[in-house]
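Protein chains in written order, with our numbering: chain A, 63 to 463; chain B, -9 to 297.
See the structure below:
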């Protein structure tokens, strides 16, 4: 007869546990540090809000979740999110906070907790640095490159400048917002922080802001030079002998460039070394008025064509925040900026056959093939109570208790 | 005597009318059509031709058609023919650009708004009419052929959370109905010979029937969840019955301790009568079912069976 002593039982248990752990090849992972409460919040709140693209609720739930977390707990959450192919907490908070600010809903944002500040600031620093480092190689700032000689080449260069402008705006807004958040770090007790955390809260976003401002000024000046070049190039095509499409493109370029140059010349130096800002601005406005008056119908046609095709591109290639790009965020139902915001390709896209290429462009060859499936309504059940009194006299209580 | 009845109500909430603004492409294509329609109004034939040639040169404005071929297992009478042996179904030009925008806007209105006949509400101009018609037929065929291979559609009546899934397919089938209706209104018979047209009508009937079945099922489910008297609580002469025995006890105590309590007079022939004031409280018993042995009570007389 074999008597299983407590010691023997404990040994068997431990060795079987080792066998299970050994065979799975998994040591104690950060995920094992996730508490039940954390897992419930992640599954009940964070995941659904992320998939629905509800930035505000996602930020609110992450703010609550991370308020009292330590570094290893945040790492455990990051590891759990990575398994679901979702970015980490810092990236989620940064992206969604900035999303709401860009869409004019920054006022609804909850104040970040101390822990959240320590997550947001490094993510914002990384975003800003990435865009700043790109600026040194950007073609738009290369004055030695060949000058454009056709409308298409001008368009390509100006599109690149437009995309870069947007990136610099994003970086600028990010570093300004990070500067505001840095002010909140004064309430953190520095004595409880380690070296890495101290370095985070001491990050000087003022330096980034100044550097980005310098690049933006440079880019604006370069854009003004190119637009003035295109303006002069276009004037040669506003003759009755020119082809109709060249006339259309010319008048459209003249209208756009004169408007944007007038804005620029209010505060920037003149791109023409022979004329001052005021002189150039006045001359451009006078000439543009003359051209538009002489070709009013052509001007209207060019604007209609340009806006029509521009919005067609947005509808065809644009991607929203949620539902794999098919839907915009809920802010679209509330604010104009929310309705306008879309992710657009950085380079002018070329359409490809969706039946031949796996990653065809656009991402959705027909939106109506997909958007029908978004439905979250269900039958609602409610209850009402009614009283029936059978007799003539009513039952009345003078005092219930 | 009184009773409290609880009724159950069921309803399907209305779709938020602003949801369409979230759909990517709605605002954009609407703005696009507004501008391009103005361009068409302002331009003569030669100018439109020049604009068309300009757009044809740009790869970003290419629209691929006959997407239904992805789901076609064998050619049918409705299959789109190639324009030439080398035809890759890439279509270029202003008519195709406008037609695509119009089909997308119409589909969004069909799926997310209550606009009647939305594909015709965004009525095409003359230059894009043929392209629009072709895209309508291709859209309708793509959805129809895909449904035959759609596992989600097969399992629509199985499993939990059927209602949202069924609502999504109702939207899809309704969109297909609108596509078919618009295609027919724009001269389907000019494009299809009698036999293909019969096949087209047969597909339309299947779609209408499928949509009708799903709508009926959801309406029945809503109707079946409307119930009266899911719970009933009756007040007896002493107060409320279970599930509130504590309140009943309180009320009984109040009765015997002379609180101001206006008690309903006993019904004639009711199984119980109240004891007169001052009488010590007796243990209440459950009402006994009426039996032949129980005497019929007259007013004021105690039943012999009461303990």
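No residue lacks a Cβ here, since even glycine has one placed at the ideal position from N, Cα and C.
No experiment lies behind these values; they were computed from the predicted model shown.
N-terminal and C-terminal residue of the alpha helix (DSSP H) that residue i is part of
{"i": "residue 208 (chain B)", "result": "184 to 214"}
{"i": "residue 151 (chain B)", "result": "Note, residue 151 (chain B): premise wrong, no alpha helix (DSSP H); not H, not E."}
{"i": "residue 353 (chain A)", "result": "339 to 356"}
{"i": "residue 144 (chain B)", "result": "141 to 144"}
{"i": "residue 402 (chain A)", "result": "398 to 402"}
{"i": "residue 178 (chain B)", "result": "178 to 181"}
{"i": "residue 223 (chain A)", "result": "213 to 246"}
{"i": "residue 17 (chain B)", "result": "16 to 32"}
{"i": "residue 101 (chain A)", "result": "98 to 103"}
{"i": "residue 258 (chain A)", "result": "257 to 263"}
Beta carbon proximity, residue i to chain B, threshold 8 angstroms
{"i": "residue 399 (chain A)", "result": "no"}
{"i": "residue 367 (chain A)", "result": "yes"}
{"i": "residue 427 (chain A)", "result": "yes"}
{"i": "residue 443 (chain A)", "result": "yes"}
{"i": "residue 363 (chain A)", "result": "yes"}
{"i": "residue 446 (chain A)", "result": "yes"}
{"i": "residue 373 (chain A)", "result": "yes"}
{"i": "residue 315 (chain A)", "result": "no"}
{"i": "residue 210 (chain A)", "result": "no"}
{"i": "residue 408 (chain A)", "result": "no"}
{"i": "residue 113 (chain A)", "result": "no"}
{"i": "residue 392 (chain A)", "result": "yes"}
{"i": "residue 450 (chain A)", "result": "yes"}
Where residue i falls: helix, strand or coil (DSSP)
{"i": "residue 443 (chain A)", "result": "strand"}
{"i": "residue 389 (chain A)", "result": "strand"}
{"i": "residue 38 (chain B)", "result": "helix"}
{"i": "residue 90 (chain A)", "result": "Only weak support is given to the placement of residue 90 (chain A): the predicted model assigns it a pLDDT of 39, under 50, and the value that follows is read from those uncertain coordinates. If DSSP states are grouped into helix, strand and coil, residue 90 (chain A) belongs with coil."}
{"i": "residue -4 (chain B)", "result": "strand"}
{"i": "residue 53 (chain B)", "result": "strand"}
{"i": "residue 80 (chain B)", "result": "strand"}
{"i": "residue 105 (chain B)", "result": "coil"}
{"i": "residue 448 (chain A)", "result": "strand"}
{"i": "residue 112 (chain B)", "result": "coil"}
{"i": "residue 217 (chain B)", "result": "strand"}
{"i": "residue 63 (chain B)", "result": "coil"}
{"i": "residue 381 (chain A)", "result": "strand"}
{"i": "residue 405 (chain A)", "result": "strand"}
{"i": "residue 73 (chain A)", "result": "With a pLDDT of 37 at residue 73 (chain A), under the threshold of 50, the modelled position of that residue is not reliable, and no figure is offered here."}
{"i": "residue 273 (chain B)", "result": "Low confidence applies to residue 273 (chain B): its pLDDT is 42, below 50, so where it sits in the model is not reliable, and the reading given next is rough at best. Residue state, collapsed to three classes: coil."}
Beta carbon proximity, residue i to chain A, threshold 8 angstroms
{"i": "residue 200 (chain B)", "result": "no"}
{"i": "residue 196 (chain B)", "result": "no"}
{"i": "residue 54 (chain B)", "result": "yes"}
{"i": "residue 165 (chain B)", "result": "yes"}
{"i": "residue 112 (chain B)", "result": "no"}
{"i": "residue 64 (chain B)", "result": "no"}
{"i": "residue -3 (chain B)", "result": "yes"}
{"i": "residue 205 (chain B)", "result": "no"}
{"i": "residue 1 (chain B)", "result": "yes"}
{"i": "residue 127 (chain B)", "result": "no"}
{"i": "residue 275 (chain B)", "result": "Low local confidence applies: a pLDDT of 40 at residue 275 (chain B) is under 50, so the model's placement there is unreliable, with the coordinate-based value given in what follows. Chain A, which has no Cβ nearer than 8 angstroms to the Cβ of residue 275 (chain B), makes this no."}
{"i": "residue 148 (chain B)", "result": "no"}
{"i": "residue 94 (chain B)", "result": "yes"}
{"i": "residue 145 (chain B)", "result": "no"}
Could you tell me which whole alpha helix (DSSP H) segments of length 4 or greater appear in the region 112 to 142 of chain A?
If you keep only unbroken alpha helix (DSSP H) runs of at least 4 residues inside the region 112 to 142 of chain A, you get 117 to 128.
Counting only runs of 4+ residues fully inside the region 139 to 206 of chain A, write out the alpha helix (DSSP H) ranges in chain order.
Inside the region 139 to 206 of chain A, DSSP marks whole alpha helix (DSSP H) runs of 4 or more residues at positions 151 to 164, 176 to 197, from first to last along the chain.
List in chain order: all unbroken alpha helix (DSSP H) runs of 4+ residues lying wholly within the region 279 to 328 of chain A.
The region 279 to 328 of chain A contains these whole alpha helix (DSSP H) runs: 306 to 327.
Counting pairs of beta carbons, one from the region 170 to 182 of chain A and one from the region 295 to 304 of chain A, are three or more of them closer than 8 angstroms?
Result no; under three Cβ-Cβ pairs closer than 8 angstroms.
Per the contact definition of three or more C-beta pairs closer than 8 angstroms, is the region 77 to 95 of chain B in contact with the region 18 to 25 of chain B?
The count of Cβ pairs closer than 8 angstroms, one atom from the region 18 to 25 of chain B and one from the region 77 to 95 of chain B, reaches three, so the stretches are in contact.
Under 8 angstroms, with one C-beta from each stretch per pair, do the region 252 to 269 of chain A and the region 317 to 335 of chain A reach the 3-pair mark?
Fewer than three pairs of CB atoms, one per stretch, sit closer than 8 angstroms, so the region 252 to 269 of chain A makes no contact with the region 317 to 335 of chain A.
Are the region 348 to 366 of chain A and the region 305 to 322 of chain A touching by the rule of at least three beta carbon pairs closer than 8 angstroms?
As far as the Cβ criterion goes, the region 348 to 366 of chain A touches the region 305 to 322 of chain A, which means the pair count is three or higher.
So does the region 403 to 421 of chain A actually touch the region 380 to 395 of chain A, counting three or more Cβ pairs closer than 8 angstroms?
With a cut-off of 8 angstroms, the region 380 to 395 of chain A and the region 403 to 421 of chain A count as touching, because enough Cβ pairs lie within range.
Three or more C-beta pairs below 8 angstroms linking the region 407 to 420 of chain A and the region 443 to 451 of chain A:
With the cut-off at 8 angstroms, the region 407 to 420 of chain A and the region 443 to 451 of chain A do not touch.
Are three or more beta carbon pairs between the region 52 to 69 of chain B and the region 347 to 356 of chain A nearer than 8 angstroms?
Judged by Cβ distances under 8 angstroms, the region 52 to 69 of chain B makes no contact with the region 347 to 356 of chain A, as fewer than three pairs qualify.
Would you check if there are 3 or more beta carbon pairs closer than 8 angstroms linking the region 146 to 164 of chain A to the region 200 to 208 of chain A?
Result no; under three Cβ-Cβ pairs closer than 8 angstroms.
Tell me, please, whether the region 41 to 48 of chain B touches the region 190 to 197 of chain B by the rule of three or more beta-carbon pairs shorter than 8 angstroms.
Counting Cβ pairs under 8 angstroms, fewer than three are found: no touch.
I want to know whether the region 235 to 252 of chain A touches the region 427 to 441 of chain A - three or more CB-CB distances under 8 angstroms.
Touching, no, given that fewer than three Cβ pairs across the two stretches are closer than 8 angstroms.
So does the region 103 to 115 of chain A actually touch the region 366 to 377 of chain A, counting three or more Cβ pairs closer than 8 angstroms?
Taking 8 angstroms as the limit for Cβ pairs, the verdict is that the region 366 to 377 of chain A does not touch the region 103 to 115 of chain A.
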